[in-house]
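In what follows, a single structure is set out as structure tokens and then discussed.
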Amino acid sequence: MRIRAKIAVLVLALAFVCHGCGIYTFSGASIPAEAKTVSVDYFPNHAQLVNPMLSNDFTNALRDAMTNQTTLDMVESGGDIAFEGEITDYRTMPVAITGQTAAMNRLTITVKVRFSNRFDETKDFEQSFSHYEDYPSNQDLNAVQGSLTPVIIDALVEDIFNKALVNW
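In our numbering, the protein residues as written are 1315 to 1482.
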């Protein structure tokens, strides 16, 4: 009987702590309690080197993160929490030189993000996020971009999510 009472007190205490000033999720996101919707605009690709699927893949990954890691409803535009921006860079360059040739190349993707929080404008930001993955120079970019791009997109989305909603 004493164990049940302790568990009940613990559950009530946890409920009061989590009730605080916003909605908390298991992802660590802190969202204003008034916020009900999120919008993620399409991120066009303005990079000089264009991967034709990158805009769709990135936009969908960011939308998926918002719907899977928050309780917010996705809306087409004008959400209480809103993301917009563009892909500004998609490039490959040599990074590890051995003798006269590169041993490794680096694929880098940069995304410029404008974030707005209707209920707390101090959280608004405009920032570029960049991430890269290295690959052997004896492999063609066309052969590796299908496996590298999702890894880079996942890292970018995590950084953006953390900056916007976790405040890391």
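Just so you know, even glycine gets a beta-carbon here, dropped at the ideal spot from N, CA and C. Small disclaimer: the values here were computed from a predicted structure and weren't measured.
The beta carbon of N1419 sits closer than 6 Å to those of T1406, P1408, Y1449, S1451, all from its chain and outside the five residues before and after it, given in chain order. Comparing C-alpha distances from D1403 to each of K1437, S1430, F1433, Y1446 shows the shortest one belongs to Y1446.
In this model, I1401 and S1369 are separated by some 7 Å (Cα to Cα). V1389 carries a strand assignment under DSSP once its states are collapsed to helix, strand and coil. For the 8 Å CB-CB criterion, E1348 and F1433 form a contact. Beta-bridge partners assigned by DSSP to D1394: none are found. Contact annotation: T1351 and D1378 have beta-carbon atoms that are not nearer than 8 Å. Between T1412 and Q1453, the alpha-carbon positions lie close to 16 Å from each other. The beta carbon of S1391 is closer than 6 Å to those of S1353 in its chain, skipping five residues each way along the sequence.
Here V1425 is near F1372, since their CB atoms are less than 8 Å apart. Within the model, the alpha-carbon separation for L1363 versus L1455 is close to 12 Å. Non-local beta-carbon contacts of I1466 in its own chain, meaning distances under 6 Å to residues more than five positions away in sequence, involve I1423, H1445, E1447 in chain order.
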